[in-house]
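Shown next, in structure tokens, is the structure this report addresses.
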Amino acid sequence: MNFLECFWVALKLGLTSFGGPVAHLAYFREEYVIKRKWVNEERFAELIAVCQFLPGPASSQLGAAVGYERAGWLGGFFAWLGFTLPSALLMTALAVGLSSVEELVGNGWVHGLKVAAVAVVAVAIFGMKRKLCPTWPKKGVAVAALLVLMVVEQAWMQPLVILGGCVVGAIWFSKYARKTERLENARKPYLAIGTILVMVMVLVLLPYFIGDSEGGKAFAGIVRSGALVFGGGHVVLPLLEAEMVSTGYMARDTFLAGYGAAQAVPGPMFSLGAYLGGVLSLGGNPWLGGVLGTLAIFGPGLILLSAGLPLWNRIKHIPRAQGAVVGANAVVVGLLGAALLHMIMGGVLHGWVDYLLAVVYFVIIGTRKLPIWLVIVIAAVLGGVIWG
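For the sequence shown, numbering that gives the first Met the number 0 assigns the number 0 to the initial residue and increments by one for each residue that follows.
The following block contains the structure:
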């Protein structure tokens, strides 16, 4: 029954993981690597690299990948479901009109949680640096990745930088490869490649099967957005806006209200798909629309993960591939460092009080004086008091 354990642990994360995709990676590391030890630091960074390299919601894919490590694909599905369910329900409720954005998510306490998220990410970066970049060559790869991502902020650069780290690692670090057993049987690579080809065909042919109905075309647009986006929730905004607003399916203000709520609720920002499906009442009912919108935006990324992860597990025993993993792991540290700097420069921290609290949270979490969940609760309460 490990898959049920995956669900409950992921559900807790789905209820408490505020701060966006980068913060989610830090929360996952704390829960899955440090506390429960379901995966080690190296494997965790490896899974991050695979998920960042694939299109789709990286943090949701990572949660599913860890669930797969724990309990197979059933564990992967329930880990995704637990992490996604709270935000999907909140976003669908917003679409139905049960509450306003302010009543659903508040203001001050959400800001307090974002300040804590900065500290959580910083602790994760320092912890991963010690484990994954102990030598200067690896630190150099991490710093190079950080600098490139600070200069070129476009989402398409992330998979290119990871690919570059893999190439560097295959050349420089393959001599450190260790002998390992193949993790997947011989048929899996062919199954994985076939799955990817079928996925591409479905995306190409979907408009022809959907027909001319407005709801069907909107559903296809959400599917395309979920399949083509690199870099997570913020990057999917222009794709979805083009599919929903530019086509006339939804007013811009309605779309932006959902986007704002998606940034404030816990869990994945891709839950915006639930809101869009609910507003459009896909399937003839807003609640059913929320389900269809959720499946449409998350489905492509999860299918690609189900194909890509077994394929990677099949080839990772090769020495060059192991060197590529070392390089990719170093890049992940730089990627998270760049994301943290973008969070700070993007205005998550507004003034000296925010910076002071972020430092205090960083020290408390880093020294493990209090459990991280209690720090999050304290941050929410302080945020409500100070900025509410």
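In this text, a Cβ means the ideal position worked out from N, Cα and C, and glycines have one as well.
Nothing here was measured: the structure is a model prediction, and the numbers come from that model.
### Query
What's the gap between the Cα of leucine 279 and the Cα of leucine 271?
Counting from one through the sequence shown, the residue named residue 279 turns up at place 280. Counting from one through the sequence shown, the residue named residue 271 turns up at place 272. Their backbone Cα atoms lie some 12 Å apart in a straight line.
### Task
Look at the Cβ atom of glycine 382, then the Cβ atom of histidine 110, and state whether they are nearer than 7 Å.
Along the sequence shown, one-based indexing puts residue 382 at 383. Along the sequence shown, one-based indexing puts residue 110 at 111. Yes.
### Query
Rounded to a whole number of angstroms, what is the C-alpha to C-alpha distance between glycine 277 and alanine 121?
Locating residue 277 in the sequence shown gives position 278, where the first residue counts as 1. Locating residue 121 in the sequence shown gives position 122, where the first residue counts as 1. Glycine 277 and alanine 121: Cα-Cα distance of roughly 36 Å.
### Sequence-distant residues of the same chain with beta carbon closer than 6 Å to glutamate 180, five excluded per side
Mapped onto the sequence shown, residue 180 falls at position 181. The pLDDT assigned to glutamate 180 is 46, lower than 50, so where the model puts this residue is not dependable; a value taken from the coordinates is nonetheless given after this. Nothing meets the Cβ criterion.
### Task
Look at the Cβ atom of leucine 281, then the Cβ atom of glycine 288, and state whether they are nearer than 7 Å.
Translated into the one-based positions of the sequence shown, residue 281 becomes position 282. Translated into the one-based positions of the sequence shown, residue 288 becomes position 289. The answer is yes: Cβ separation under 7 Å.
### Closest Cα partner of valine 347 within the set Gly18, Arg69, Ala9
Within the sequence shown, numbered from 1, the residue matching residue 347 stands at position 348. Comparing Cα-Cα distances from valine 347 to each of Gly18, Arg69, Ala9, the minimum goes to Gly18.
### Cβ-based neighbour list, phenylalanine 218, same chain, cut-off 6 Å, excluding 5 preceding and 5 following
Within the sequence shown, the letter at position 219 stands for residue 218. Contacts found: Leu281, Ala295.
### Query
Is the beta carbon of leucine 112 less than 7 Å from the beta carbon of alanine 379?
By one-based count along the sequence shown, residue 112 stands at place 113. By one-based count along the sequence shown, residue 379 stands at place 380. Contact flag set, yes.
### Message
Just to confirm before moving on: does the CB-CB distance between valine 38 and glutamate 68 stay below 7 Å?
### Response
The residue given as residue 38 occupies position 39 in the sequence shown. The residue given as residue 68 occupies position 69 in the sequence shown. For valine 38 and glutamate 68, yes; Cβs fall inside 7 Å.
### Message
Quick test of your reading: valine 95 and leucine 308, contact by CB under 8 Å. State the CB separation rounded to the nearest angstrom.
### Response
By 1-based counting over the sequence shown, the position of residue 95 is 96. By 1-based counting over the sequence shown, the position of residue 308 is 309. Contact doesn't hold; Cβ gap of about 35 Å is too wide.
#### Entry: Spatial neighbours of tryptophan 311 in its chain, beta-carbon cut-off 6 Å, leaving aside the 5 residues before and after
As a first step, residue 311 must be located in the sequence shown, where it is residue number 312. Closer than 6 Å at the Cβ level, and outside the excluded window around tryptophan 311, lie Val49.
### Task
From the DSSP output, in three-state form, read off methionine 342 for me.
Taking the sequence shown and counting its residues from 1, the one referred to as residue 342 is at position 343. Of the three classes helix, strand and coil, the one that applies to methionine 342 here is helix, per DSSP.
### Task
Have a look at Gly75, Ile363, Val166, Ala263 and flag the residue whose alpha-carbon is nearest the alpha-carbon of valine 140.
Residue 140 sits at position 141 when you count from the first residue of the sequence shown. Comparing Cα-Cα distances from valine 140 to each of Gly75, Ile363, Val166, Ala263, the minimum goes to Val166.
### Query
Since arginine 266 and glycine 107 are thought to touch, with beta carbons under 8 Å apart, how far apart are those beta carbons, to the nearest angstrom?
Your numbering for residue 266 matches position 267 in the sequence shown. Your numbering for residue 107 matches position 108 in the sequence shown. Checking the sequence, you will find glycine at residue 266 rather than arginine. Their Cβ separation, rounded to whole angstroms, is 20 Å, which puts glycine 266 and glycine 107 out of contact at 8 Å.
### Task
For arginine 28, count neighbouring C-beta atoms within 10 Å of its own C-beta (all shown protein chains included) and say buried if the count is 16 or more, exposed if not.
Counting from one through the sequence shown, the residue named residue 28 turns up at place 29. Arginine 28 should be labelled buried.
#### Entry: Separation of alanine 256 from serine 245, as counted between CA atoms
Your numbering for residue 245 matches position 246 in the sequence shown. Your numbering for residue 256 matches position 257 in the sequence shown. Cα to Cα, serine 245 sits roughly 16 Å from alanine 256.
### Query
How many Å lie between phenylalanine 6 and methionine 0 at the Cα?
On the sequence shown, residue 6 is found 7 positions in, with the first residue counted as 1. On the sequence shown, residue 0 is found 1 positions in, with the first residue counted as 1. One C-alpha to the other measures close to 10 Å.
### Query
My guess is that valine 374 and isoleucine 385 are in contact by the Cβ rule of under 8 Å, so how many angstroms apart are they, rounded?
Along the sequence shown, one-based indexing puts residue 374 at 375. Along the sequence shown, one-based indexing puts residue 385 at 386. In fact, because the Cβ distance is near 16 Å, the residues do not count as touching under 8 Å.
### Query
So is lysine 36 buried or exposed if we call it buried at 16+ other beta carbons inside 10 Å?
Start at 1 with the first residue of the sequence shown, and residue 36 comes out as number 37. Classification for lysine 36: exposed.
### Task
Rounded to whole angstroms, what's the CA-CA distance from methionine 249 to glycine 214? Just pull it up for me.
Within the sequence shown, numbered from 1, the residue matching residue 249 stands at position 250. Within the sequence shown, numbered from 1, the residue matching residue 214 stands at position 215. Those two C-alpha atoms are separated by around 11 Å.
### Message
For a test of the three-state rule: what should DSSP assign to isoleucine 221, helix, strand or coil?
### Response
The sequence position of residue 221 within the sequence shown is 222, counting from 1. Reduced to three states, the DSSP call for isoleucine 221 is helix.
### Query
Would phenylalanine 172 pass as a contact of phenylalanine 77 if the rule is Cβ separation under 7 Å?
On the sequence shown, residue 172 is found 173 positions in, with the first residue counted as 1. On the sequence shown, residue 77 is found 78 positions in, with the first residue counted as 1. No; because the gap between Cβ atoms is not below 7 Å, this pair is not in contact.
### Message
Pop quiz: glycine 163 and alanine 323 are said to be a contact at Cβ under 8 Å. What is the actual Cβ separation, rounded to whole angstroms?
### Response
On the sequence shown, position 164 is the one that residue 163 refers to. On the sequence shown, position 324 is the one that residue 323 refers to. Rounded, the Cβ-Cβ distance is 11 Å, inconsistent with contact.
#### Entry: Among Ala338, Phe254, Phe269, Trp135, the one whose alpha carbon lies nearest that of arginine 79
Indexing the sequence shown from 1 puts residue 79 at position 80. Arginine is not the amino acid found at residue 79; the sequence shown has tryptophan there. Among Ala338, Phe254, Phe269, Trp135, the Cα nearest to that of tryptophan 79 belongs to Phe269.
### Beta-carbon proximity list for arginine 251, same chain, < 6 Å, skipping 5 on both sides
Numbered from its first residue, the sequence shown carries residue 251 at position 252. Cβ neighbours of arginine 251 beyond the five flanking positions: Val244.
#### Entry: Burial state of glutamate 152, where buried means 16 or more other Cβ atoms lie within 10 Å
By 1-based counting over the sequence shown, the position of residue 152 is 153. Under this definition glutamate 152 is an exposed residue.
### Task
Use the C-beta contact count for serine 212: other C-beta atoms within 10 angstroms, 16 or more gives buried, fewer gives exposed.
If you number the sequence shown from 1, residue 212 lands on position 213. Result: exposed.
### Query
Can glutamate 242 and glycine 220 be called in contact, C-beta distance under 7 Å?
For the purposes of this step, residue 242 is identified with residue 243 of the sequence shown, where counting begins at 1. For the purposes of this step, residue 220 is identified with residue 221 of the sequence shown, where counting begins at 1. Yes, the pair counts as a contact, with Cβ atoms nearer than the cut-off.
### Task
Taking 7 Å as the cut-off, decide whether the C-beta atoms of alanine 9 and glycine 75 are in contact.
Taking the first residue of the sequence shown as position 1, residue 9 is located at position 10. Taking the first residue of the sequence shown as position 1, residue 75 is located at position 76. No.
### Query
So the alpha helix (DSSP H) tyrosine 26 belongs to, where does it begin and stop?
Position 27 of the sequence shown, counted from the start, is the residue given in the question as residue 26. Its alpha helix (DSSP H) spans residues 20-27.
### Task
Round the Cβ separation of valine 114 and aspartate 353 to the nearest angstrom and send it over; I've been treating them as touching at under 8 Å.
Locating residue 114 in the sequence shown gives position 115, counting from the first residue. Locating residue 353 in the sequence shown gives position 354, counting from the first residue. Contact flag correct, Cβ pair sits at about 5 Å.
### Member of Leu340, Leu148, Pro136 whose CA lies at the smallest distance from the CA of isoleucine 170
Against the sequence shown, residue 170 aligns to sequence position 171. For the residues Leu340, Leu148, Pro136, the minimum Cα distance to isoleucine 170 belongs to Pro136.
### Task
Just mark phenylalanine 82 as buried or exposed, buried being the case when its beta carbon has 16 or more other beta carbons within 10 Å.
If you number the sequence shown from 1, residue 82 lands on position 83. That one is buried.
#### Entry: As assigned by DSSP and simplified to three states, the class of leucine 46
Position 47 of the sequence shown, counting from 1, holds the residue named residue 46. DSSP places leucine 46 in helix when its eight states are reduced to three.
### Task
State yes or no: is the C-beta of leucine 148 within less than 7 Å of the C-beta of alanine 337?
Working through the sequence shown from its first residue, we reach residue 148 at position 149. Working through the sequence shown from its first residue, we reach residue 337 at position 338. Yes. Within cutoff.
#### Entry: Per-residue DSSP class, three states only, for phenylalanine 172
Your numbering for residue 172 matches position 173 in the sequence shown. The answer is coil: DSSP assigns phenylalanine 172 none of H, G, I, E or B.
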